[in-house]
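Student: Per the numbering used here, the very first residue in the sequence shown carries number 54; after that it's consecutive.
Can you keep this structure in mind? I'll have questions shortly.
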Amino acid sequence: MHVRRPIMLMNLWLFACLTTMTTMIPALARDTSPHPVSLPSQEHLPFKPISMDIYIDFYCPHCHDFVTNILPSLKEKFGRALNIQYIGLPVVENASTLAFEMYEAARLEGKGEEMAHLLFETLQITRRSIQSIEMRESLYHTLGLDVERMHEHLKSGRAKARMEQQFRHALKIGLDMTPVVVLDSQYLVIDTSADNLRLILEELVSQKTKHSL
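Below is the structure:
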């Protein structure tokens, strides 16, 4: 987990979130043999999907591990009960923000998740730089993105503005590390291990299912 500076917990909204999660997470973590939860039919989901905002840094190896090794099992288990969104949060010191602007530009084109995975592969697996226009255009072509539109998103500042807006919101709610998950805009999950997230999501699904009956 990458952290740039101490987390500030003075924001009232975040304090409320942490108070809730402090009650929820330890109780679940101590339950070494939790009762199984029956997930509702994916064809007839009786409640609004749980929003799962995942704050990631493309230069953070822990984030790469999370989206590669942890998130797929959660997707498989909870399916349509999750509405997943990646949010770029630059926290690695001295790293360029270009990757985050590219990601936001791709999100504007409806291919944010694909770009996120491609950036992780490029920056952390093949260890290639994205500073050259030729390299960036190669990535755009790989995803079938319109090169000129992507250039325009970056040149106009639209992608940068979206990135900075997300960054300001993250700081406002006290986030300064990655990966971090926020569920339903209420529950802050700092322990993003597979077991912890599974237990929390099972509890949320159970609660939502009961309330929908």
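Just so you know, even glycine gets a beta-carbon here, dropped at the ideal spot from N, CA and C.
Of all the alpha helix (DSSP H) runs that stay within the bounds of the region 169-229, which reach a length of 4 or more residues?
Tutor: Taking only runs of at least 4 residues, the alpha helix (DSSP H) segments lying wholly in the region 169-229 are 186-195, 200-209 and 211-225.
Student: Provide the residue(s) that pair with Ile107 in DSSP beta bridges, ordered along the chain.
Tutor: Bridge partners of Ile107: Tyr139 and Val234.
Student: Closest by CA to Lys164, which one among Val145, Ser104, Gln239 and Thr195?
Tutor: It is Thr195.
Student: Looking at the strands, I want to know which residues DSSP matches up with Tyr240.
Tutor: Beta-bridge pairing links Tyr240 to Leu236.
Student: Along the chain, where does the alpha helix (DSSP H) containing Phe131 start, and where does it finish?
Tutor: That run of the alpha helix (DSSP H) goes Leu124 to Phe131.
Student: Could you tell me how far apart the beta carbons of Val145 and Asp110 are, in whole angstroms, since I believe they sit closer than 8 Å?
Tutor: Right, the Cβ-Cβ distance comes to about 5 Å (below 8 Å), so this counts as a contact.
Student: Can you give me the Cβ contacts of Ile243 inside the same chain, cut-off strictly under 7 Å, excluding the 5 residues immediately before and after it?
Tutor: If we look at Ile243 and ignore the five residues flanking it on each side, its Cβ neighbours are Val233.
Student: Within 10 angstroms of the Cβ of His264, are there 16 or more other Cβ atoms? Answer buried if so, exposed if not.
Tutor: When all chains shown are included, His264 counts as exposed.
Student: Just the Cα atoms here: how many angstroms apart are Leu257 and Glu205?
Tutor: Taking the straight line joining both Cα atoms gives about 41 Å.
Student: When you compare each of Lys213, Arg133 and Glu129 to Leu161 by their alpha carbons, which one comes out closest?
Tutor: Answer by Cα proximity: Lys213.
Student: Out of Leu171, Leu198, Leu241 and Asp237, point me to the one whose CA is closest to Pro102's CA.
Tutor: Looking at the Cα atoms, Asp237 is the closest of the given residues.
Student: According to DSSP, simplified to helix, strand and coil, what is Glu167?
Tutor: Three-state result, Glu167: helix.
Student: Where Tyr112 and Phe153 are concerned, what is the direct C-alpha to C-alpha distance, given to the nearest angstrom?
Tutor: Tyr112 and Phe153: Cα-Cα distance of roughly 10 Å.
Student: Counting only the same chain and skipping the five closest in sequence on each side, list residues whose C-beta sits under 7 Å from that of Lys261.
Tutor: Counting only Cβ-Cβ distances below 7 Å, and skipping sequence neighbours, we find Phe100.
Student: Less than 7 Å separating the beta-carbons of Glu166 and Arg215?
Tutor: No, they are not a contact pair.
Student: As a quick exercise: from Ser104, Gly227 and Arg180, pick the residue whose alpha carbon is nearest that of Gln138.
Tutor: The option with the nearest alpha carbon to Gln138 is Ser104.
Student: One question on the structure: do Phe173 and Leu254 come within less than 7 Å of each other, judged by their Cβ atoms?
Tutor: Going by C-beta atoms, Phe173 is not nearer than 7 Å to Leu254.
Student: Report all residues from its chain with a CB closer than 6 Å to the CB of Thr175; omit the five preceding and five following residues, and keep chain order.
Tutor: Taken in chain order, the residues that qualify are Arg181.
Student: Under DSSP, the alpha helix (DSSP H) around Lys101 begins and ends at which residues?
Tutor: Note, Lys101: premise wrong, no alpha helix (DSSP H); not H, not E.
Student: Taking DSSP as the reference, what is the three-state secondary structure of Ala148?
Tutor: Reduced to three states, the DSSP call for Ala148 is coil.
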